[in-house]
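Number of protein chains: 4
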Amino acid sequence: MIQVGIFGVTGYTGYELVRILAQHPDVQVQFATSQSFAGKWLTDVYPQAPHLPLIEEADAPLETVDVVFLCLPHAAAAATAVRALNTGGKVIDLSADFRLADPAVYAQWYGHEHPAPELLGTARSGFGFAVYGLTEWAREQLPGADLVAVPGCYPTSVLLGLRPLLQRPLLAAKLPLTGPIIADSKSGVSGAGRQASDTTHFMNVADNFAPYKIGRAHRHLPEMEQVMHWWQADAPPLIFSPHLLPVPRGILSTIYVTIAGDWTLGDVAALYTDMYAGEPFVCVLPPGQVATLAHVTNTNKCVIGLAQAGNTLIITSAIDNLIKGAAGQAVQDMNVVFRLDETTGLV
Amino acid sequence: MIQVGIFGVTGYTGYELVRILAQHPDVQVQFATSQSFAGKWLTDVYPQAPHLPLIEEADAPLETVDVVFLCLPHAAAAATAVRALNTGGKVIDLSADFRLADPAVYAQWYGHEHPAPELLGTARSGFGFAVYGLTEWAREQLPGADLVAVPGCYPTSVLLGLRPLLQRPLLAAKLPLTGPIIADSKSGVSGAGRQASDTTHFMNVADNFAPYKIGRAHRHLPEMEQVMHWWQADAPPLIFSPHLLPVPRGILSTIYVTIAGDWTLGDVAALYTDMYAGEPFVCVLPPGQVATLAHVTNTNKCVIGLAQAGNTLIITSAIDNLIKGAAGQAVQDMNVVFRLDETTGLV
Amino acid sequence: MIQVGIFGVTGYTGYELVRILAQHPDVQVQFATSQSFAGKWLTDVYPQAPHLPLIEEADAPLETVDVVFLCLPHAAAAATAVRALNTGGKVIDLSADFRLADPAVYAQWYGHEHPAPELLGTARSGFGFAVYGLTEWAREQLPGADLVAVPGCYPTSVLLGLRPLLQRPLLAAKLPLTGPIIADSKSGVSGAGRQASDTTHFMNVADNFAPYKIGRAHRHLPEMEQVMHWWQADAPPLIFSPHLLPVPRGILSTIYVTIAGDWTLGDVAALYTDMYAGEPFVCVLPPGQVATLAHVTNTNKCVIGLAQAGNTLIITSAIDNLIKGAAGQAVQDMNVVFRLDETTGLV
Amino acid sequence: MIQVGIFGVTGYTGYELVRILAQHPDVQVQFATSQSFAGKWLTDVYPQAPHLPLIEEADAPLETVDVVFLCLPHAAAAATAVRALNTGGKVIDLSADFRLADPAVYAQWYGHEHPAPELLGTARSGFGFAVYGLTEWAREQLPGADLVAVPGCYPTSVLLGLRPLLQRPLLAAKLPLTGPIIADSKSGVSGAGRQASDTTHFMNVADNFAPYKIGRAHRHLPEMEQVMHWWQADAPPLIFSPHLLPVPRGILSTIYVTIAGDWTLGDVAALYTDMYAGEPFVCVLPPGQVATLAHVTNTNKCVIGLAQAGNTLIITSAIDNLIKGAAGQAVQDMNVVFRLDETTGLV
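Next comes the structure, spelled out in structure tokens:
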């Protein structure tokens, strides 16, 4: 049994994680921390939760666990990661702290110096320590890794939707991508977090629909462009427009990519089905079908649809933001790190 | 008092129309037809409705009215329009029958020959009879017109969002639009109509979000491209992706336009505020702000936001699909046709 | 023109009030206060609002107005009422401060001494100053009144549903009400107020339904029982179970009353239609039909349905909590106070 | 492995059943029928479903299965039950056909003679064949049973909420229940079935809340009263008021019972915790806490809250209508019939 600790269990991501881990046959949760609810039980916060005591972060018995999951705000996550690594445990971090390989980019988008730059550097970047845990892409770097940066929710939906286009050198030469790539993304309210605010007040969400931080303003933009450049050095820039949907969970990204040259939807569909053949959690729909939230909510799946409009490929990519976009992918990463069957606890 | 008849009053558009007209000081509703509910009262269908008797379409006393509103399916609308025009009344048609100037395009998208091609041809097209009633654009053609084609809901949101870019010759020369224009639109469920179906079943809509007919597949595409070409002969092609939102009403279109050359968001914002200065129902937000459904539901307004990402202008354009996207604009058109104050009954 | 001031305009009730008053032909809004947003505009808070400046409560020019509406928390409302009355204006208070005639009951339920007990005492109580503004009941006390206590939202739905049973001496003798009266009420989220909290977080409301303060625990209980006793000295006790509905607005109360003796649904229906004949805002449905939120949202109406199960009468009573349950009834009261047509600005 | 067939798999109940059975370690689904979609795959109807072929009911290989689940309309279910029993299989029927022991009552409420009255008669009724499968109550009758009538969704929520009061002879003598019992129940839309209709149209459900068939008009009333009389011969009559909630799933019943004599909430709570001690799927909350949908959605649990108002006990009882109210309880019953651990596949 893998002994697990969870930091920040009372946020939506932490709660989803504990629900998944409670069903996982190879895992035992040793402790769960919560700054706001320490001293209470998880069932005091979520009526359907497992009956776990909530402890102070400082009281976490790090020496009793093999791995910790960090569902903490940025900066706090890095500090806890250092402590956990020093105790000899592995760290699976669901915050943004280890997603960006370049500490200068981190400082620019998060407004403070990176707390532990020596740990940065992610898969395929050639240096560093953290592995960027988009499981389908990092499957070979993950086994045995000590520090995993679980991708953001929007990046998971967009990057899985783009990967076959960007990671195929032949295509890059024959069918170059031109102009900016546009990701028009829509997310359910759980993505905005558990903290009550005007943004998440029922009266402001229900019967409404609203864009926010559109263009090149959202913190997930540099994360996506970083990975796009890993995959294709001259990848076009990304325009990213998130919107808040009046639903509890789910992300749908509608992605527009202009591909020069002669191609058919069948060509592109073959590229996708080829790359994702055998993937347990990525499903490519038949050409012309669209992905919807109903395909994916409450699952660890990413469902991808492909359509064509002239030279523009329209990719619809749907995930559950709390599962494949956070806690589910974190467990998927853990399974690979510990060399378990990748789908354990997730189907 | 303008004597009015309504055909097809029990659809969502017809019902919204009768609600607006009930508040209109210069209008008297003489009759309202419903194929499904003839013999009943409108209150049997909508509990808050005015207490109007519903009659058979064939029994409508056309000779008693000055103008009829047609909230009928395509083809049926054209046939009724001919009858009404022959009786000497004016026609404001909310169907698609007179929106397209070219009967061949109509036949291609609607699957049958146009029932009354001699009436076609819309404003600025140089021939024909019907006026395309995007009020802000057709204000000079509307007074006294006999046949008005009220624009579709999606086209209203997209075209008002694009008009300042397309209808400015100077801009066209100095700052050409390149590549396709992308309109990623999201509509509430009332846009799918009153007929119960799998699409509109609460269980399929709630907690879900789904694209449909994306790319170049939706019937509103040729309508939009037609008007775009009126405004700029070499306008780029349009990619149009509608999505079904789990809300009763409202459309938000997020529109991406690539503009070559040197420009700032301030330049473009000036173009918009200049064109829409004095418009009672179009509101341009300060640069950087986004339009949301909450700006417009239950109003006849179109609210427009502008943002920039590199050379791409991102326009967010919101309307209430049943009001500015249908019944409200129809009344706005009627006001102009009859030379009333354009805002009568709408504020 | 009646000159009006609004205190606490940025809560949901205040906002609804300003929307109604903006359409009222005999009213001019002179000022609007907001503690949280003083110095901003109302449009900064509600995008569809009239463009009113928000001022500090202390800066309100009381001497410029004929009447003030108080949309303030309890205790704060009473203090402002005293100031306004001293300046010679009338006060229409939407808080709970003047609803209860007995200051001891007030102290018990609100946890502090009443700030202005000399103003208490409500319609038909034989002493005092404030008039309890359930318009249909207080129509003769309201004209010229200086202080009106607008009823609570739940009380409006329950009391209008019960009044014909309780205010008919003949019935009381021949058909006595036995056992407790049960009001199982369900309210939309706007009733919980504008303040962001766990209770109003979209994630806790959507897809959920929850009772709260059931039995004899909610502050509206003593208000309802007080009025019930005005109407029938030996009225049975009330059991009141509020529930939070995942909708923005509307209250439906399902009320169970056991009536001894021989009666038919027709007898009771006649009682209701007789009492409410001519009422502009109370609508009694034909026997057997049920009231729903769809009957009343966005209107000032109370719609009442009647059904029978043995000796139990089941009353379904629906209102819009923000209109007939607050701002609409406040304006209805104001119309009567100032001897205007009661429906002005409300239809 | 238990070999299973499912009739009527494409309704919401059938689909929920197949989802549960897909996770059940001791079950293999041999076939699944659908009149509307025979020839297609279950994934064509529900994108997240197991990939099962849908066959005609007439083609179902009854001889290959140990047990069939019937998710069919009434009358159709009875006919199929007879066929399945004749082939030697067991039957777990989720329709209403075998819930009522008295065929005359059935005929009165369902409008036709019972198709197989010789199979009627339910647990504790002293004759007949079918077992009424409220698992907690029928646990001793179920092992080996050939025909199980799974209770209705509303009855499950109400009966589990009432059972400790009715099935305690001592209580009946000392603390008699007086007057009618009132169950004010609220159900999510899945209870209305998969068929598209005005009732289930998103536009009629969203932002609305509506009672229907209140009093003594709903078909679940005789089912509940039958069981109440099994438990206490002189049980009071039931008043039952269902309401349609704008949520996909879940039932909350707020139940009012007047208990004569001296009692405290603690007394009653002890009765409940005593009766339900050790029950895996019934949870009694601490006195004063209320049950909500959030306690139970997507689980097989019934959560019960208790509150007091004078002599009235207020019971809040919540279930997921598709799980504990249908498919989950059906599997729970199957587990007991086949002498498996009762919770298999359900936690």
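Chains as they are written, first to last, in this note's numbering: chain A, 14 to 360; chain B, 14 to 360; chain C, 14 to 360; chain D, 14 to 360.
Where is the CB? At the ideal position from N, CA and C, for every residue including glycine.
In this text the structure is predicted, and so the values were computed from the model without any measurement.
Query	Result
Neighbour flag for D:Ala271 against chain C, beta carbons, 8 Å	The sequence as given places Thr at residue 271 of chain D; Ala does not occur at that position. Chain C contact via Cβ: present.
Under 8 Å between C-beta atoms of A:Ile15 and A:Asp79	yes
Local conformation of A:Phe44 per DSSP, three classes	strand
Per DSSP, cross-strand counterpart(s) of A:Gln342	According to DSSP, A:Gln342 bridges with nothing at all.
Reference C:Val240, options C:Leu175, C:Val95, C:Ala45 and C:Cys296, closest by Cα	C:Leu175
Meets three-Cβ-pair contact criterion under 8 Å: the region 205-220 of chain A and the region 344-352 of chain A	no
For A:Leu65, three-class secondary structure by DSSP	coil
Beta-carbon proximity list for A:Val161, same chain, < 6 Å, skipping 5 on both sides	Ile105, Val144, Gly146 and Asp346
Inside the region 203-271 of chain A only - alpha helix (DSSP H) runs reaching at least 4 residues	215-218 and 233-244
Beta carbon of C:Asn334 nearer than 8 Å to that of C:Gly204	yes
Spatial distance of C:Ser254 from A:Asp57 (CA atoms)	23 Å
In chain order, each beta strand (DSSP E) run of at least 3 residues that lies wholly inside the region 52-113 of chain B	80-83 and 103-106
For D:Ile19, the first and last residue of its enclosing beta strand (DSSP E)	Ile15 to Phe20
Length of the line joining the Cα atoms of B:Ala340 and B:Asn313	9 Å
Within chain A, partners of B:Gly263 - CB distance below 9 Å	Asp220, Asn221 and Phe222
Rounded straight-line distance, which links the Cα of B:Leu107 to that of B:Phe82	7 Å
Exposed unless 16 or more other CB atoms sit within 10 angstroms - verdict on A:Ile328	buried
B:Glu153 beta carbon less than 8 Å from that of B:Leu173	no
Chain A contact for C:Val202 (CB, 8 Å cutoff)	yes
Strand pairing of D:Thr329, partner residues [DSSP]	D:Thr267 and D:Gly318
Residue interval of the beta strand (DSSP E) (run including D:Ser170)	Here D:Ser170 belongs to no beta strand (DSSP E); instead the alpha helix (DSSP H) covers Cys166 to Leu179.
Within 8 Å, strictly: CB atoms of D:Ala209 and B:Ser210	yes
Beta strand (DSSP E) segment containing C:Thr312, residue limits	Note, C:Thr312: premise wrong, no beta strand (DSSP E); not H, not E.
In DSSP terms, what D:Ile194 is bridged to	D:Leu251
Supposed contact pair C:Arg207 and C:Gly165 - C-beta distance, whole angstroms, cut 8 Å	That pair is no contact at about 17 Å.
Three-state secondary structure (DSSP) of C:Leu133	coil
Segment limits, beta strand (DSSP E) that includes B:Leu160	Leu160 to Ala162
Best match in C:Pro293, C:Gln302 and C:Ala230 for proximity to C:Lys337 [C-alpha to C-alpha]	C:Pro293
Contacts of C:Thr312 in chain B (Cβ-Cβ under 7 Å)	Gln61
Sequence-distant residues of the same chain with beta carbon closer than 8 Å to D:Val22, five excluded per side	Tyr28, Leu30, Val31, Ala45, Thr46, Ser47, Leu55, Leu65, Leu67 and Cys84
Closer than 8 Å to chain A by CB, C:Thr305	no
Range covered by the beta strand (DSSP E) that runs through C:Val297	Val295 to Val297
Check whether C:Pro249 and C:Gly157 have beta carbons under 8 Å apart	no
Distance between C:Gly52 and C:Gly139 (C-alpha atoms, nearest Å)	Because the pLDDT at C:Gly139 is just 47, under 50, the model does not fix this residue reliably, and the value given afterwards should be weighed accordingly. Cα to Cα, the separation comes out at about 44 Å.
Which of helix, strand or coil DSSP assigns to D:Val144	strand
Counted within 10 angstroms of its Cβ, other Cβ atoms place D:Arg262 as buried (16 or more) or exposed	buried
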